Amino acid sequence: MEIYSVHTQEVFTDDAVKRKILVLDLDETLIHSHHDGVVRPKVKPGTPPDFILKVLIDKYPVRFLVYKRPHVDFFLEVVSQWYELVVFTASMEIYGSAVSDKLDRDFLKRRYYRQHCTLDLGSYFKDLSVVHNDLSSVVILDNSPRAYRIHPNNAIPIKSWFSDPSDTALLNLLPMLDALRFTSDVRSVLSRNLHQHRLWGFVHQN
1 MEIYSVHTQE VFTDDAVKRK ILVLDLDETL IHSHHDGVVR PKVKPGTPPD
51 FILKVLIDKY PVRFLVYKRP HVDFFLEVVS QWYELVVFTA SMEIYGSAVS
101 DKLDRDFLKR RYYRQHCTLD LGSYFKDLSV VHNDLSSVVI LDNSPRAYRI
151 HPNNAIPIKS WFSDPSDTAL LNLLPMLDAL RFTSDVRSVL SRNLHQHRLW
201 GFVHQN
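Numbering of the sequence shown is given in our numbering, commencing with residue 1 and proceeding in unit increments.
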């Protein structure tokens, strides 16, 4: 179970504190998916998907079976009351947009896809200045430390999710996100969790 602490001297209850932006990754953060051609899917055989997507990739129809991380609907409903929610995925837009449509109940205000990422040394990272130029108000939730490697002080690490039905990672984050929205600069709090980025990075790579 992930445990986060917020130092109370950094938290303010002033209603005038500006609304923050929560940037959300999709794959292995909010959902897991695989297409029909996967030989060894990471989901237990016979587990029904939450929804199925049929998209054209390079003019070929591809069917994706998509599984929602436990509690994702409740999580989005709650945090949408606290933050402006933005999707930022390294997936292609045709896929990322379709997944976002299935999750969205007028929660996701903006969406960014692979074309908005930066390719470096064979992997994509997300430049949060694309989302907002004031990074004191931007938080990213992503299972891949590589994705936010230039903005570690804006990130909340989360373990990659594939199929565990007992996962509670999203619920565990709610108390921290509730408190974090009142800080004057999210980096003053999130910079204290850098050791967890290294932990999740190790888990993600293995």
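Heads up, the beta-carbon is just placed ideally off N, CA and C, and yes, glycines get one too. Since we're looking at a predicted model, the values are computed, not measured.
Exercise. Under 8 Å between the Cβ atoms of ARG187 and ASN153?
Worked result: Against a cut-off of 8 Å, the Cβ pair of ASN153 and ARG187 comes out as a contact.
Exercise. For LYS20, which of helix, strand or coil comes out of DSSP?
Worked result: strand
Exercise. So TYR83 and PHE64 are in contact, right, with Cβ under 8 Å, and what is the actual spacing, rounded?
Worked result: Actually they are not in contact, since the Cβ atoms of TYR83 and PHE64 sit about 27 Å apart, beyond 8 Å.
For this session: Taking all protein chains shown into account, decide if ASN133 is buried (16 or more other Cβ within 10 angstroms of its Cβ) or exposed.
Result: Classification of ASN133: exposed, given that the 10 Å Cβ count is below 16.
Exercise. Can the beta-carbon of PRO235 be found less than 8 Å from the beta-carbon of ASP167?
Worked result: The displayed coordinates of the chain run from 1 to 206. Any statement about residue 235 would go beyond what the structure contains.
Exercise. Using 8 Å as the Cβ pair cut-off and three pairs as the minimum, do the region 162-182 and the region 71-78 touch?
Worked result: yes
Exercise. Taking the alpha-carbon positions, what's the ASP34 to LEU24 distance?
Worked result: Looking at the sequence itself, residue 34 is His, so the reference to Asp does not match. In a straight line, the C-alpha of HIS34 is about 19 Å away from that of LEU24.
Exercise. For ARG192, which three-state DSSP category applies?
Worked result: When secondary structure is reduced to three states using DSSP, ARG192 falls in the helix class.
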